[in-house]
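Chemist:
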Amino acid sequence: MIDKTWESAASAVADIPDGASLAVGGFGLSGNPMSLIEAVHERGVRELAIVSNNCGVDDWGLGILLKDRRIRKMTSSYVGENKEFERQFLSGELELELTPQGTLAEKLRAGGSGIAAFYTQTGVGTQVAEGGLPRRYDGAGGVAVASPAKDVRSFAPDGIPREYVLEEAIVTDYALVHALRGDRHGNLVFRKAARNFNPLAAMAGRVCIVQVEELVEPGEIDPDTVHLPGVYVHRIVEVGSAIEKRIERRTVAVDGEGN
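With this note's numbering applied, the sequence shown corresponds to residues 464 to 722, in that order.
#1: Pair every Cβ in the stretch 637-645 with every Cβ in the stretch 658-665, then say whether three or more of these pairs are closer than 8 Å.
#2: Shortest alpha-carbon distance to residue 515 belongs to which of 589, 637, 691, 604?
#3: By DSSP's criteria, residue 637 is part of a beta bridge. Which residues make up the other side?
#4: Where do the N-terminal and C-terminal ends of the alpha helix (DSSP H) with residue 603 fall, by residue?
#5: Can you round the beta-carbon distance between residue 492 and residue 711 to whole angstroms, since I take them to be within the 8 Å contact cut?
#6: Using three-state DSSP, classify residue 467 as helix, strand or coil.
#7: At a cut of 8 Å, does the stretch 609-629 reach the stretch 587-594 through at least three beta carbon pairs?
#8: Cβ atoms of residue 595 and residue 576: under 8 Å apart, would you say?
#9: In chain order, what residues of the same chain have a beta carbon less than 6 Å from the beta carbon of residue 542, not counting five sequence neighbours either side?
#10: Based on DSSP bridge pairs, tell me the residues matched to residue 698.
#11: Where does residue 720 fall in DSSP's three states?
#12: Please identify the residue among 598, 530, 593, 653 whose C-alpha is closest to the C-alpha of residue 501.
#13: Should the stretch 610-621 be called in touch with the stretch 667-681, which here means at least 3 C-beta pairs below 8 Å?
#14: Quick one, are the C-beta atoms of residue 649 and residue 679 less than 8 Å apart?
#15: Using CA atoms only, rank isn't needed, just tell me which of 694, 651, 598 is closest to residue 683.
#16: By Cβ distance below 8 Å, which residues in the same chain neighbour residue 563 in space, the five residues on each side in sequence not counted?
#17: Comparing C-alpha positions only, which one of 604, 602, 603, 665 sits nearest to residue 694?
#18: Can you tell which of 560, 715, 688, 507 has its C-alpha closest to the C-alpha of residue 482?
#19: Are residue 473 and residue 698 touching if we call contact CB-CB under 8 Å?
#20: Note the first and the last residue of the continuous alpha helix (DSSP H) segment covering residue 508.
#21: Starting from residue 706, follow the alpha helix (DSSP H) in both directions and report where the run begins and ends.
#22: Of the choices 618, 504, 555, 700, whose alpha-carbon is the least far from that of residue 607?
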């Protein structure tokens, strides 16, 4: 039997070195692999290049790594509610490869599927394709590093010629992922919206590390309910269901009793 379980988040991330690239699941604060992120933070590794939809908030999610200057580059589709993310980018302290959200998802999926690159209509006619998007500022309002131009070609899959831009796949050294349930072989089940970028991040990592709320024995998960097969998973840690799950922005009113 292939048992991929590790005793703790700390032991599972212990070999992540300075300068590593990480694909990290989550969307806003939903589905963040927080126990693994905290373990990476505790290790003190620096100069990380992270691929994730966003960078958490100032004191949660990937924001705790950003706050302590552990991240060199972010590849994201949304700066979001993180003021420190915005500040570091505009001051020239952080490199940012801003990527359309669907393109980012497909770049991760392609990387995990052995597809080197693909053409998409998203970004045609903009700086995404033509180049010139700021990736790093110089701290004085100027652009120190800008995105390069990408290959654009015409295709007519439906008989109507249209332009498409070439996007390269993403493969990272490690992936950090959160799932609701997993077995010792690494087969995973995600919960509703917390699935988000987690399966795609898992696919893109050369070494995929997963935290699960519930660890079960092989055979206990109905094969028809598996969202991500264990072939993509290398290490799995049970963190329990009592872990803190924050809400990025509440949209409900408080009643008279404080509920």
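A virtual CB, placed ideally from N, CA and C, is assigned to each residue, including glycine. These numbers come from a predicted model, not from an experiment.
Modeler: Result, derived from the coordinates:
#1: Of all C-beta pairs linking the stretch 637-645 to the stretch 658-665, three or more are shorter than 8 Å, placing the two stretches in contact.
#2: Among 589, 637, 691, 604, the Cα nearest to that of residue 515 belongs to 637.
#3: For residue 637, which the question treats as bridged, DSSP gives the partners 485, 670.
#4: Going by DSSP, residue 603 is part of no alpha helix (DSSP H) at all; its letter is neither H nor E.
#5: Cβ atoms of residue 492 and residue 711 come within 8 Å of each other, at about 4 Å.
#6: Looking at residue 467 - three-state DSSP - the assignment turns out to be coil, as it is neither helix nor strand.
#7: Judged by Cβ distances under 8 Å, the stretch 609-629 makes contact with the stretch 587-594, as three or more pairs qualify.
#8: A distance of 8 Å or more separates the beta carbons of residue 576 and residue 595.
#9: Around residue 542: 548, 549.
#10: DSSP links residue 698 through a beta bridge to 672.
#11: Collapsing the DSSP output to three states places residue 720 in coil.
#12: When only C-alpha atoms are compared, the closest one is 530.
#13: With a cut-off of 8 Å, the stretch 667-681 and the stretch 610-621 do not count as touching, because too few Cβ pairs lie within range.
#14: For residue 649 and residue 679, no; Cβs fall outside 8 Å.
#15: Nearest C-alpha to residue 683: 651.
#16: Around residue 563: 540, 585, 586, 591.
#17: Comparing Cα-Cα distances from residue 694 to each of 604, 602, 603, 665, the minimum goes to 665.
#18: Nearest option by C-alpha distance: 507.
#19: If you check the CB distance, residue 473 and residue 698 do not come in under 8 Å.
#20: No alpha helix (DSSP H) contains residue 508, which DSSP labels as neither H nor E.
#21: It is not in any alpha helix (DSSP H) - residue 706 carries neither H nor E in the DSSP assignment.
#22: Checking every option, the nearest Cα to that of residue 607 belongs to 555.
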